[in-house]
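*Asks:* I have a structure I would like to understand better, so I am pasting it below and will then ask my questions one at a time.
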Amino acid sequence: MILTRRNLLKSGAAMGGALALPRFAIGQTKRPSITIAVQQVSNSASLEPLREQSNVGTRIFATIYDRLINQDLPRSLDTVPGLAESWERIDHRTVELNLRQGVKFHNGDELTADDVVFSFGAERMFGEGYVADSNATLFTNVLVRDNVKGKELPAEVVAVAKRNWPSIERVESVSKYKVRFVNKTPDVTMEGRMARMGSEIVSQRGFSEAESWLEWSRKPVGTGPYMVEEFIPDQKLVLRAHDEYWGGRPPVEKITMLVVPEVASRVNGLYSGEFDFICDMPPDQIDGIESHAAFEVQGGLIPNHRLTVFDKHHPQLVDPRIRRAMTHAIDRQLIVDSIWSGRTRVPAGLQWEFYGPMFIEGWTVPEYDVEKARQLVKDAGYKGDPIPYRLLNNYYTNQVATGQILVEMWRQAGLNVEIQMKENWQQIFDQSTQRGVRDWSNSAPFNDPISSIVNQHGPNGQQQQAGEWSNEEMNKLSGMMEVETDMARRKAQFKRMLEICEREDPAYTVLHQNATFTGKRKDIQWKAAPSFAMDFRQGNFAI
1 MILTRRNLLK SGAAMGGALA LPRFAIGQTK RPSITIAVQQ VSNSASLEPL
51 REQSNVGTRI FATIYDRLIN QDLPRSLDTV PGLAESWERI DHRTVELNLR
101 QGVKFHNGDE LTADDVVFSF GAERMFGEGY VADSNATLFT NVLVRDNVKG
151 KELPAEVVAV AKRNWPSIER VESVSKYKVR FVNKTPDVTM EGRMARMGSE
201 IVSQRGFSEA ESWLEWSRKP VGTGPYMVEE FIPDQKLVLR AHDEYWGGRP
251 PVEKITMLVV PEVASRVNGL YSGEFDFICD MPPDQIDGIE SHAAFEVQGG
301 LIPNHRLTVF DKHHPQLVDP RIRRAMTHAI DRQLIVDSIW SGRTRVPAGL
351 QWEFYGPMFI EGWTVPEYDV EKARQLVKDA GYKGDPIPYR LLNNYYTNQV
401 ATGQILVEMW RQAGLNVEIQ MKENWQQIFD QSTQRGVRDW SNSAPFNDPI
451 SSIVNQHGPN GQQQQAGEWS NEEMNKLSGM MEVETDMARR KAQFKRMLEI
501 CEREDPAYTV LHQNATFTGK RKDIQWKAAP SFAMDFRQGN FAI
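To convert, note that position 172 of the sequence shown is 172 in full-length UniProt numbering; the numbers rise steadily by one, no gaps.
Here is the structure:
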């Protein structure tokens, strides 16, 4: 039975002590069900990773899907064997992978090479009529789309597929349990691309039997430890254990994710026993939650940075000096120390140390210098016309508070930035009125700059696809870097990209590294990943 606050009070539980009693007896044999309160389940009302490229999507996809190469979620996010037991780099254009045998999809079908070929094919990814190369065999056996059933792919799906795999020539079946990826051009990042969100493997039969793409996207068929039982957009997602999971029987019978936008409601629900986990906790809530013996908070830094993004076509932002002024007017350390209680940090621009040899040592975000910002504003001849700042209501942790602080910092530099509250991402990107500034975050799905600065801000990236920003040299460098195999030259290209995007012709400015915090019942043994993803596989959950 789920304990309510009233039941707890009847039992004599004091609000200042251990509030919620465990719902499951320690040592029980029946698997528990858990409830997780989240800020949002899906931005696009979809569970298809090629459509739902978001932080909230990242949280759930590791439970529904596997990739050929997975991330080691409970530990370092290093790549580990997933649906592929092993792989071999044949040359700069070719990777061969050996599939696990006996892997079952949620519909009971066995995974074979045909499912992998389909997962990276026209009907799932690239759209009808897409031909990568005249000699390609990738699209010879795909099913003909039935337009009456509405199986046309949304434009966003095709855009993401081409962004993630800009030069794939073919994926072919070598044998029942062996596949070969062949790129049109050299690409040292192919293995990383296989491990990123958007490269999930799906059931060919499951996709084909769906009456429409929408039906598929709301009840997809993967190989992950949990399968979709019910999905009501903007309300809840219910997942059921997939007992034939190749990685071992899942330890939870049912996972229910409830959309609870208000932080206070999530916290109170944890205290009352309504929720077992609560996500997206602001740092100022941590001490309060941990003051109760029955609860704890887990989490910390993740490979994701919060950004402010510019639309350079707005009349007040055409001059790069205004955008540069905005980058110098921000006291990022003050934001980290005050709003985040020092639990995150100001990073070295849009990069992460796990890039290894590709990390640009000595690079920093633009220095905080109000006088420099004021001089740039003066030199640009800015007359005080308003600059719109489109803002969501705390989609990101502390988003509104951060936006309000930024507006005041920009005001100190002589810039008139006006907040425009919006309800959803469609309104954020709407072009019917002039856009100026917006919030965003960028992740690094694998350990190479291609995964972030090129993927998000290059010619195929969302910022350019949305018509906000473009730079000819940046686009040329992006194309060069994607085919370059000499690591020293690739590193020099990356450094030049940072100079363009963060200094000369700002596309964005990094605010801080992101961190995510999850409140939970202390009697549940569970470890948060250094990621938005939540892992409930065998070995990472016990009561």
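For each residue, glycine too, the CB sits at the ideal point set by N, CA and C.
1. Indicate whether A373 and A444 have their beta-carbon atoms separated by less than 7 Å.
2. Spatial neighbours of Q525 within its chain, please: CB distance less than 6 Å, with the 5 preceding and 5 following residues excluded, ordered by chain position.
3. Okay, do the stretch 490-499 and the stretch 447-466 touch, 3+ Cβ pairs below 8 Å being the bar?
4. Kindly give me the distance between the Cβ atoms of F429 and I286, rounded to whole angstroms, as I take these residues to be in contact under 8 Å.
5. Can you tell which of V263, F532, S119 has the C-alpha that lies nearest to the C-alpha of E172?
6. Using DSSP with H/G/I as helix, E/B as strand and the rest coil, what is E290?
7. Just to confirm my understanding: we take R435, look at its own chain, exclude 5 residues before and 5 after, and list those with CB closer than 6 Å. What are they?
8. What does DSSP give as the partner residue(s) for A84 in the beta ladder?
9. Would you say R343 touches the ligand COA, meaning its beta carbon is less than 6 Å from a heavy atom?
10. Over the uninterrupted alpha helix (DSSP H) stretch that includes R345, give me the two end residues.
11. Cα-Cα, which of L392, T344, Y368 is closest to P303?
12. Opposite P388 in the DSSP bridges: which residues?
13. When the Cα atoms are used, what is the spatial distance from R521 to T433?
14. Within 10 angstroms of its Cβ, does L99 collect 16 or more other Cβ (buried), or is it exposed?
15. Roughly how many angstroms separate the alpha carbons of D115 and R124, rounded to a whole number?
16. At the level of alpha carbons, what is the spacing between V510 and G102?
17. For a test of the three-state rule: what should DSSP assign to F295, helix, strand or coil?
18. Could you give the DSSP three-state label for F446: helix, strand or coil?
19. Go ahead and label R163 buried or exposed: buried means 16 or more other beta carbons lie within 10 angstroms of its beta carbon, across all protein chains shown.
20. Could you name the residues that DSSP lists as bridge partners for V202?
21. Within a Cβ cutoff of 6 Å, which residues of the same chain sit near M534, ignoring the five residues on either side of it in sequence?
22. Taking E482 as part of the alpha helix (DSSP H), name the residues at either end of that continuous run.
23. With DSSP as the reference, label I339 as helix, strand or coil.
24. Is P459 helix, strand or coil by DSSP?
25. Who are the near neighbours of E52 in its chain, counting only those whose CB is closer than 7 Å to its CB and skipping five residues on each side?
26. Tell me the residue span of the beta strand (DSSP E) that contains L376.
27. My output table needs one value for T94: the three-state DSSP class, helix, strand or coil.
28. Do you know how far the Cα of V56 is from the Cα of F532?
29. How many angstroms separate the CA atom of P459 from the CA atom of K476?
30. Measure the alpha-carbon distance for S385 versus A401 and round it to whole angstroms.
31. Just checking my contact of I278 with G269 at CB under 8 Å: how many whole Å lie between their CB atoms?
32. Quick one: any contact between the stretch 466-486 and the stretch 174-193, if contact means 3 or more CB pairs under 8 Å?
33. Use the C-beta contact count for P315: other C-beta atoms within 10 angstroms, 16 or more gives buried, fewer gives exposed.
34. Classify R170: buried if its beta carbon has 16 or more other beta carbons within 10 angstroms, exposed otherwise.
35. Check whether the stretch 65-81 and the stretch 192-210 touch, using three or more Cβ-Cβ pairs below 8 Å as the test.
*Replies:* Judging by the given coordinates:
1. no
2. Spatial neighbours of Q525 in its own chain (CB-CB distance under 6 Å, excluding positions within 5 residues in sequence) are listed in chain order as A542.
3. yes
4. Actually they are not in contact, since the Cβ atoms of F429 and I286 sit about 33 Å apart, beyond 8 Å.
5. S119
6. helix
7. D311
8. For A84, the pairing in a beta bridge is given by DSSP as L99.
9. Within the structure as shown, the ligand COA is missing, as the structure has no ligands at all.
10. That residue, R345, is in no alpha helix (DSSP H); it is neither H nor E in DSSP.
11. T344
12. E418
13. One alpha carbon belongs to R521, the other to T433, and they sit about 46 Å apart.
14. buried
15. 11 Å
16. 45 Å
17. Three-state result, F295: strand.
18. Coil.
19. buried
20. Answer is none; V202 lacks a bridge partner.
21. R59
22. Residues 472-483.
23. coil
24. If DSSP states are grouped into helix, strand and coil, P459 belongs with coil.
25. Only S42, N43, S44, S46 meet the Cβ criterion.
26. L376 -> not in any beta strand (DSSP E); alpha helix (DSSP H) instead, spanning 370-379.
27. strand
28. 7 Å
29. 9 Å
30. According to the sequence displayed, residue 385 carries Asp and not Ser. Straight-line Cα distance between these residues: approximately 23 Å.
31. 7 Å
32. Because the criterion of three Cβ pairs below 8 Å is met, the stretch 466-486 and the stretch 174-193 touch.
33. exposed
34. buried
35. yes
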